[in-house]
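Engineer: Listed in order, the protein sequences are those of chains P and R. Under my numbering, residues 1 to 212 are what the first sequence spells out, in order. Under my numbering, residues 1 to 212 are what the second sequence spells out, in order. Think of the CB as a built atom: it goes at the ideal place given N, C-alpha and C, for glycine as much as any other residue. All values derive from a computational prediction rather than experimental measurement.
Protein chains: 2
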Amino acid sequence: MPYLRRNAPRPEPIDCRILTAALELFVSRGYHNVSVHDVQRRAGVSIGSIYNHFGGKEGIAKALYGHLLNELSELVKEVMESHKSLGERSRTLIRLLFEFTETRRDIIAFVFHAKHREFLPDEPPICSAEPFRRMRDMVEEGMARGEIGQGNAWVATATLFGGAIRLIQLRLDGVLEEPLPELAEEAWESVWNGLGAGEEVVPLAGRSAARG
Amino acid sequence: MPYLRRNAPRPEPIDCRILTAALELFVSRGYHNVSVHDVQRRAGVSIGSIYNHFGGKEGIAKALYGHLLNELSELVKEVMESHKSLGERSRTLIRLLFEFTETRRDIIAFVFHAKHREFLPDEPPICSAEPFRRMRDMVEEGMARGEIGQGNAWVATATLFGGAIRLIQLRLDGVLEEPLPELAEEAWESVWNGLGAGEEVVPLAGRSAARG
DNA sequence: GTCTATACGCTGATAGAC
DNA sequence: GTCTATCAGCGTATAGAC
Numbered sequence: 001m002p003y004l005r006r007n008a009p010r011p012e013p014i015d016c017r018i019l020t021a022a023l024e025l026f027v028s029r030g031y032h033n034v035s036v037h038d039v040q041r042r043a044g045v046s047i048g049s050i051y052n053h054f055g056g057k058e059g060i061a062k063a064l065y066g067h068l069l070n071e072l073s074e075l076v077k078e079v080m081e082s083h084k085s086l087g088e089r090s091r092t093l094i095r096l097l098f099e100f101t102e103t104r105r106d107i108i109a110f111v112f113h114a115k116h117r118e119f120l121p122d123e124p125p126i127c128s129a130e131p132f133r134r135m136r137d138m139v140e141e142g143m144a145r146g147e148i149g150q151g152n153a154w155v156a157t158a159t160l161f162g163g164a165i166r167l168i169q170l171r172l173d174g175v176l177e178e179p180l181p182e183l184a185e186e187a188w189e190s191v192w193n194g195l196g197a198g199e200e201v202v203p204l205a206g207r208s209a210a211r212g
Numbered sequence: 001m002p003y004l005r006r007n008a009p010r011p012e013p014i015d016c017r018i019l020t021a022a023l024e025l026f027v028s029r030g031y032h033n034v035s036v037h038d039v040q041r042r043a044g045v046s047i048g049s050i051y052n053h054f055g056g057k058e059g060i061a062k063a064l065y066g067h068l069l070n071e072l073s074e075l076v077k078e079v080m081e082s083h084k085s086l087g088e089r090s091r092t093l094i095r096l097l098f099e100f101t102e103t104r105r106d107i108i109a110f111v112f113h114a115k116h117r118e119f120l121p122d123e124p125p126i127c128s129a130e131p132f133r134r135m136r137d138m139v140e141e142g143m144a145r146g147e148i149g150q151g152n153a154w155v156a157t158a159t160l161f162g163g164a165i166r167l168i169q170l171r172l173d174g175v176l177e178e179p180l181p182e183l184a185e186e187a188w189e190s191v192w193n194g195l196g197a198g199e200e201v202v203p204l205a206g207r208s209a210a211r212g
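Take a look at the structure:
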């Protein structure tokens, strides 16, 4: 049950109103530049309600964080169920993340762009949160099956998804003007097949083929 | 002239003391969780001095930001001068950044890990700052020379350096336990030569060779 | 230029009526 | 459960002595 219902009938539950307002504000101004009063005003509820439901500002952030990581984790899980090879899985996941960046910008921004340690010091680092662990598992599985060469799993995961995550950041920062989905295929192919033509380092010929 | 002198003789200039203290505090606690009093105390100077030299907390951040981006920009410049191919340039830069992450952790953390937009809203996004522009130029040059396939320069830059930047973040978050320099070569090779064995997508055999 | 002491707005949080 | 009114503390910034 997604906490965010678009175009819901008037009487939207108060929790959702608060979370929605907080997400928008946190993403646009940054957690520390948003006061409880701001959230209260934008959500159209009173301060009392906020403290009743979430116990304070940090409580809102915690709830938001949990919800969104869950949603993302579900996404990764679905990708792993519907595709079996690491190649297809990573290609699909990158495409989906890129689409999300355009259609549900705030969610992606909060998860990939916020410094959670600064306001949720007790939470473990985001890289060790479930969705990111799943990505690493995905890579390890592919490595065990020989789809990619043996090596450090962290390095392989960072290589496979680091470029995509970087592009998401560039897009969120307004540096990239094209919508990400247009770049998904190229981004995945580049990292999967390698950037270098390879003449110097690996003496194999004819590798600069299928590139667009 | 680096603003940070290690083991300098006692009477270290007051500006440096302030900047050094601020950098350490900003990185360890986050900008918004540090007060001017904290900086003042740690630097061993008075509040008055801070306002005299930098005009306030934001002034410190601005100065720091400028200094550190400059240093990083110099680094990239030197790499471009001492190497001519994109392959060698990117390999060297990744190795140097990984070494910096171990030896001058705070600098890398401030540049790669901080959300500057949250406290320096007037600065352009960091991805469009000089050192990052230089990296992109580096890639475009390599593309023009045919070292890598034609394509979107942003995608290629993100692919080439995104994995390394991701590894730096993992290391700064304490998720990675090995010192980065040990992983530098593998990280670069993975992205340069490609992760996928390539059977399905690019029908070429025998590519899983030189990987460690 | 450096320092101490002080002012004051804002923020997170609570009390208590409805 | 929801609201309004209010509090106490902190954090930035300034005034003014040395």
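1. So what does P/Ile14 bridge to, in DSSP terms?
2. Sorted by chain position, which residues of the same chain lie with C-beta nearer than 8 Å to R/Leu96's C-beta, five sequence neighbours on each side aside?
3. When the Cα of R/Asp122 is compared with those of R/Tyr65, R/Arg17 and R/Val36, which residue comes out closest?
4. In three-state DSSP terms, what is R/Gly196?
5. Strictly below 7 Å CB to CB, what residues from chain P border R/Ala109?
6. Tell me which residues share the same chain as P/Leu24 and place their Cβ nearer than 8 Å to its Cβ, disregarding the 5 neighbours each side in the sequence.
7. May I have the straight-line CA-CA distance separating R/Leu204 from R/Val34, to the nearest angstrom?
8. Measure the CB-CB distance between P/Val191 and P/Leu160 and report whether it falls below 8 Å.
9. Roughly how far, in whole angstroms, is the beta-carbon of R/Glu102 from the beta-carbon of R/Pro181, given that I think they are within contact range, below 8 Å?
10. Report the rounded CA-to-CA distance for P/Ala158 versus P/Val45, giving the unit in angstroms.
11. Measuring only between beta-carbons, confirm whether R/Ile14 sits less than 8 Å from chain P.
12. Determine the contact status of R/Val111 and P/Cys127, defining contact as a CB-CB distance below 8 Å.
13. Cutting at 7 Å between CB atoms, please list the residues of its own chain near P/Pro131, excluding the five before and the five after it.
14. Would you decide whether R/Arg136 is buried or exposed? Buried here means 16 or more other CB atoms lie within 10 Å of its CB.
15. Between P/Gly56 and chain R, is any beta-carbon pair separated by less than 8 Å?
16. Roughly how many angstroms separate the alpha carbons of R/Gly162 and P/Ala164, rounded to a whole number?
17. Keeping to the same chain, check which residues put their C-beta closer than 8 Å to that of P/His37; ignore five residues upstream and five downstream.
18. Taking Cβ-Cβ distances shorter than 8 Å, what residues in chain R pair up with P/Leu167?
19. Quick check: what's the CA-CA separation for P/Val139 versus P/Gly149?
20. For P/Ile108 versus P/Ile60, is the C-beta spacing smaller than 8 Å?
21. Measure the C-alpha to C-alpha separation of R/Leu195 and P/Gly196 and round it to an integer number of angstroms.
22. On the CB-based measure, 16 or more other CB atoms within 10 Å of its CB, does R/Ser90 come out buried or exposed?
23. Buried or exposed: where does P/Arg10 fall if 16 or more other Cβ atoms within 10 Å of its Cβ makes it buried?
Structural biologist: Answer, in terms of the structure:
1. Its beta-bridge partners do not exist; DSSP assigns none.
2. Result list for R/Leu96: Leu75 and Val79, in chain order.
3. Of the listed residues, the one whose Cα sits closest to R/Asp122 is R/Tyr65.
4. Three-state result, R/Gly196: strand.
5. Within 7 Å Cβ-Cβ: nothing; R/Ala109 doesn't reach chain P, min ~11 Å.
6. Looking at the sequence shown, residue 24 of chain P is not Leu but Glu. Arg42 and Asp106.
7. With a pLDDT of only 34 at R/Leu204, under the threshold of 50, the placement of this residue in the model should not be trusted, and no figure is reported.
8. Less than 8 Å separates the beta-carbon of P/Val191 from that of P/Leu160.
9. Yes, R/Glu102 and R/Pro181 are in contact; Cβ-Cβ is about 7 Å, under 8 Å.
10. Cα-Cα distance, rounded: 42 Å.
11. Among the CB atoms of chain P, none fall inside 8 Å of the CB of R/Ile14.
12. No, they are not a contact pair.
13. Closer than 7 Å at Cβ, skipping near neighbours: Leu69, Leu72, Ser73 and Val76.
14. Answer is buried; the Cβ neighbour count reaches 16.
15. So no, P/Gly56 is outside the interface.
16. For the pair R/Gly162 and P/Ala164, the Cα-to-Cα distance works out to about 8 Å.
17. Ile47.
18. Result: Trp154, Val155, Ala158 and Gly162.
19. If I take the Cα positions, the gap works out to 11 Å.
20. No, the pair does not count as a contact, with Cβ atoms beyond the cut-off.
21. Approximately 12 Å, taken between the alpha carbons.
22. Counting the other Cβ atoms within 10 Å of the Cβ of R/Ser90 gives 16 or more, which makes it buried.
23. Annotation note: pLDDT 48 at P/Arg10 (below 50); position unreliable, no value reported.
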